[in-house]
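Enquirer:
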Amino acid sequence: MNISLSDLTLREKIGQTAVVQSSTLINMEFNNKMDEYLQHNPVGVWHVCNVAMQMANLENVTGDKYEDSAFYRNWTKRVAKCMNVPPFIALDPPNSAYATDMADLVNPPVVGASNSKKVAEDYGKYQALCARALGANWVWALNVDIPSRFNGVCIHRQVSSDRDTLSALSKCIVNGCQENNVAMTAKHFPGMDKEEYRDSHFVNTCNNLSLKEWKEGQGKVFQDMIDSGVYSVMTGHQSFPAVDDTEINGDYIPTTLSHKIITGLLKEEMGFDGVVVTDGIEMGALKAIYPKAEDLYVALLNAGNDVLLGVSRLDYVDIIEKAVKDGRISEARIDDACERILNVKRKIGLFDDVCEVEMSDELKNKIAIFNTSASEHSIILQCDKNNQLPLDKNKVKNVAILAFSHSESFHVDLEAMKEEFEQRGINVRLQRRIESYEQMHEISEENDVIIYASYVVPHSPMGGSGLFCDECKALFYAFTSGKSKSVGVSMGSPYVYYDYFIGMDTFVHALSNRKESQIAFVKALFGELSFDGVYQFEKPWDKKRGF
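Under this note's numbering, the first residue of the sequence shown carries the number 188, and numbering increases by one thereafter.
(1) Looking at C-alpha atoms only, which residue of Tyr418, Met604, Asp579 is the closest neighbour of Gly458?
(2) Pull up the distance between the alpha-carbon of Val298 and that of Gly416, whole angstroms please.
(3) In this structure, how does DSSP classify Tyr687 when only helix, strand and coil are distinguished?
(4) Would you check if the distance between the CB atom of Asn261 and the CB atom of Pro229 is smaller than 8 Å?
(5) Whose CA, out of Ile638, Asp657, Ala277, lies closest to the CA of Val586?
(6) In three-state DSSP terms, what is Glu434?
(7) Quick one: what's got a C-beta closer than 6 Å to Gln405's C-beta in the same chain, skipping five residues either side?
(8) Could you tell me whether the Cβ atoms of Ala318 and Leu278 are closer together than 8 Å?
(9) Per DSSP, Met421 is paired with what?
(10) Leaving out five residues before and five after Gly679 in sequence, what residues of the same chain have Cβ atoms less than 6 Å from its Cβ?
(11) Can you tell me which of the three DSSP states Asn394 falls into?
(12) Measuring alpha carbon to alpha carbon, tell me which residue in Arg198, Glu609, Ser210, Ala284 is nearest Asp505.
(13) Mind checking which residues open and close the alpha helix (DSSP H) that includes Asn530?
(14) Helix, strand or coil for Ser680 per DSSP?
(15) Would Gln723 and Thr352 be called neighbours here (beta carbons separated by less than 8 Å)?
(16) Count the CB pairs spanning the region 560–580 and the region 686–704 that are closer than 8 Å, and state whether there are at least three.
(17) Taking the alpha-carbon positions, what's the Phe427 to Gly536 distance?
(18) Spell out the partners DSSP gives Leu568 in its beta bridges.
(19) State the CB to CB distance for the pair Gln425 and Thr465, rounded to an integer number of angstroms; the pair is presumed to be in contact (CB under 8 Å).
(20) Note down the Cα distance separating Glu725 from Val494, rounded to an integer number of angstroms.
(21) Out of curiosity, what's the CA-to-CA distance linking Ala490 and Gly467?
(22) Is it buried or exposed for Gln226, if we count other Cβ within 10 angstroms and need 16 for buried?
(23) Taking all protein chains shown into account, decide if Ile554 is buried (16 or more other Cβ within 10 angstroms of its Cβ) or exposed.
(24) Is His227 helix, strand or coil by DSSP?
(25) Quick check on DSSP: helix, strand or coil for Lys618?
(26) Please state whether DSSP places Ile638 in a helix, a strand or coil.
(27) So which of Thr211, Glu606, Glu366, Ser357 has the shortest CA-CA distance to Glu130?
(28) Taking the alpha carbon of Lys447 as the point to measure from, which residue in Arg619, Asp432, Lys474 has its own alpha carbon closest?
(29) Please report the residue range of the alpha helix (DSSP H) in which Phe718 lies.
(30) Out of curiosity, what's the CA-to-CA distance linking Ala661 and His598?
(31) Which same chain residues, not among the five before or five after Cys359, have their C-beta less than 6 Å away from its C-beta?
(32) Are three or more beta carbon pairs between the region 559–570 and the region 700–719 nearer than 8 Å?
(33) Spatial neighbours of Tyr285 within its chain, please: CB distance less than 6 Å, with the 5 preceding and 5 following residues excluded, ordered by chain position.
(34) Any heavy atom of the ligand NAD closer than 7 Å to the CB of His696?
(35) If you draw a straight line from the alpha carbon of Lys374 to that of Thr422, how long is it in whole angstroms?
(36) Name the two residues that bound the continuous beta strand (DSSP E) containing Phe591.
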């Protein structure tokens, strides 16, 4: 089967440009209205997120009826049968939050620390296979914004902050993913200014780089992604006044609304011929400018975006059809967007018979082997000032693991580290945080080694990346006893050492909270693995004070 632009009605072409949340269709399916809705509103992209939980809530059931990946695949196939054009099924990088039988992959910084193109390509491949196991064919990754410790929203989402390494490894990830029939996305164009600390989820942020600076840095990364054939680019909500200094309500226009940046720079000057998708259009940066959804939709399409992520109005197709007929949007703009979408759908085989992928034991075993290998080659020794390592397993009888994170699940995740110590006959005390000087003294007296394990990542919880409240208060008590027997490890942000633990004598970067990274960390402590990971991020501790 193949479908060309001429085979589609105007409404079908318009429908290709909309991303609808899975919850919308689930509610309709539950009420036997989905077929009727999709026939009249043939949307081309669905965002799959927690379908199983939503369906279970509607039917008021518990247990595993809707919890495995097969349910997701079957649901996407069932909905696709309602459509004349095979849909994009899109998601953020797949993980076990979607289905109970999913295998989690290590985090991108682990891929960077391994410093291996083969690891990067395999990472892309397994992202694709995990996505397909859920019935998806479009992944809204890869983050290629050049990160810095000021960009809290970017921390822990890229493989490196070095321009050339970021490009080289990201290209491998893209190739690994797209060779396995899943479209990859480079985001968030045009990238962040390294000194912009704000978050576009809430406000309009700004990239203040000159065009020359941008082309030599962040722009080159995006150009490399385009030249290597990435199928989609996600636009961010940050302003880029070096290219478009138009002002709206006293502020520079966000990239997502800028024809000069999206059409002029990205599509025409840089030659990107794939699909341009917006970041979530419900974010504060856009709502402040266009509170009315219908005005926002028209402005986004006219700027050159081909797919709008987060369309909440069920009458979206009606809104855009009316805008085309009254001349606010040209049909040529709709045709251009639709043709780009159809081209990518052809490239990933949506018009062909592509074999189904199951989350089989064999696939999960391959991912576990990949995670283990990548983790074992990515552990980085930041410092060991007093030659504490390797630990002597004959002298270590008791270990305390202290968790520093606002993630409620991190304390549970650390059971993998606890078990790895226990397998060596070591008694382990696992604790969320230190609560007093007296408790710190007690921990020091009772243990031979104290592990300070931190996990700081964006939006866990919602907001910036850092420690605050009780997690920060616990740092007052840290190191007041037992400093010489303490080892710090970051399983999240690569900047935690500089921000909170720079006074530690021994510190390690593991860069992932996955169990394979925890196990590799413990092995490295005892000298069973080499610390051969490569630190791929800026090193503020090498700068002069005031950096």
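Each residue gets a CB set at the ideal place from its N, CA and C atoms; glycine is no exception.
None of the values given here were measured: they were computed from a predicted structure.
Expert: Reading it off the structure:
(1) For the purposes of this step, residue 458 is taken as the residue at position 271 of the sequence shown. For Gly458, the nearest C-alpha among the options comes from Tyr418.
(2) As a position in the sequence shown, residue 298 is number 111, starting the count at 1. As a position in the sequence shown, residue 416 is number 229, starting the count at 1. Val298 and Gly416: Cα-Cα distance of roughly 21 Å.
(3) For the purposes of this step, residue 687 is taken as the residue at position 500 of the sequence shown. Tyr687: helix per DSSP, three-state reduction.
(4) Walking along the sequence shown from the start, residue 261 turns up at place 74. Walking along the sequence shown from the start, residue 229 turns up at place 42. Cβ atoms of Asn261 and Pro229: not closer than 8 Å.
(5) Sequence index remark: in the sequence shown, residue 586 carries index 399 (1-based). Per the Cα distances, Ile638.
(6) Looking up residue 434 in the sequence shown gives position 247. If DSSP states are grouped into helix, strand and coil, Glu434 belongs with the strands.
(7) Against the sequence shown, residue 405 aligns to sequence position 218. Once the five neighbours on either side are set aside, the close Cβ partners of Gln405 are Ile333, Gly378.
(8) As a first step, residue 318 must be located in the sequence shown, where it is residue number 131. As a first step, residue 278 must be located in the sequence shown, where it is residue number 91. Yes, Cβ-Cβ distance for Ala318 and Leu278 is below 8 Å.
(9) Looking up residue 421 in the sequence shown gives position 234. Note: Met421 sits in a beta bridge opposite Lys374, Val464.
(10) In the sequence shown, the residue the question calls residue 679 occupies position 492. Cβ neighbours of Gly679 beyond the five flanking positions: His343, Tyr642, Val643, Val644.
(11) By 1-based counting over the sequence shown, the position of residue 394 is 207. Residue state, collapsed to three classes: coil.
(12) Numbered from 1 along the sequence shown, position 318 holds the residue referred to as residue 505. Here the closest residue by C-alpha is Arg198.
(13) Within the sequence shown, residue 530 is the residue found at index 343, counting from 1. Residues 518–534.
(14) In the sequence shown, counting from the first residue as 1, residue 680 sits at position 493. Looking at Ser680 - three-state DSSP - the assignment turns out to be coil, as it is neither helix nor strand.
(15) The residue you call residue 723 lines up with position 536 of the sequence shown. The residue you call residue 352 lines up with position 165 of the sequence shown. In contact: Gln723 and Thr352 (Cβ atoms closer than 8 Å).
(16) yes
(17) Here residue 427 refers to the residue found at position 240 of the sequence shown. Here residue 536 refers to the residue found at position 349 of the sequence shown. Those two C-alpha atoms are separated by around 36 Å.
(18) As a position in the sequence shown, residue 568 is number 381, starting the count at 1. Val695.
(19) Translated into positions along the sequence shown, residue 425 becomes position 238. Translated into positions along the sequence shown, residue 465 becomes position 278. Not confirmed; about 13 Å, so no contact.
(20) Indexing the sequence shown from 1 puts residue 725 at position 538. Indexing the sequence shown from 1 puts residue 494 at position 307. Straight-line Cα distance between these residues: approximately 34 Å.
(21) By one-based count along the sequence shown, residue 490 stands at place 303. By one-based count along the sequence shown, residue 467 stands at place 280. Whole-angstrom Cα-Cα distance: 16 Å.
(22) Locating residue 226 in the sequence shown gives position 39, where the first residue counts as 1. Exposed.
(23) Looking up residue 554 in the sequence shown gives position 367. The residue is buried, with at least 16 neighbouring Cβ atoms inside 10 Å.
(24) Within the sequence shown, residue 227 is the residue found at index 40, counting from 1. Reduced to three states, the DSSP call for His227 is helix.
(25) Within the sequence shown, residue 618 is the residue found at index 431, counting from 1. It should be pointed out that residue 618 corresponds to Gln in this sequence rather than to Lys. Strand at Gln618.
(26) Here residue 638 refers to the residue found at position 451 of the sequence shown. Reduced to three states, the DSSP call for Ile638 is strand.
(27) Because the chain is modelled from 188 through 734, residue 130 falls outside the range shown and cannot be assessed.
(28) Taking the first residue of the sequence shown as position 1, residue 447 is located at position 260. With distances taken between Cα atoms, Lys447 lies closest to Asp432.
(29) Counting from one through the sequence shown, the residue named residue 718 turns up at place 531. Note, Phe718: premise wrong, no alpha helix (DSSP H); not H, not E.
(30) Taking the sequence shown and counting its residues from 1, one reaches residue 661 at position 474. Taking the sequence shown and counting its residues from 1, one reaches residue 598 at position 411. Approximately 15 Å, taken between the alpha carbons.
(31) One-based indexing of the sequence shown puts residue 359 at position 172. Contacts found: Lys304, Ala307, Glu308.
(32) yes
(33) For the purposes of this step, residue 285 is identified with residue 98 of the sequence shown, where counting begins at 1. These residues qualify, in order along the chain: Leu321.
(34) By its list of ligands, the structure shown contains no ligand whatsoever, and the ligand NAD lies outside what it can speak to.
(35) As a first step, residue 374 is located in the sequence shown; it is residue number 187 there, counting from the start. As a first step, residue 422 is located in the sequence shown; it is residue number 235 there, counting from the start. Those two C-alpha atoms are separated by around 7 Å.
(36) Counting from one through the sequence shown, the residue named residue 591 turns up at place 404. Its beta strand (DSSP E) spans residues 585–591.
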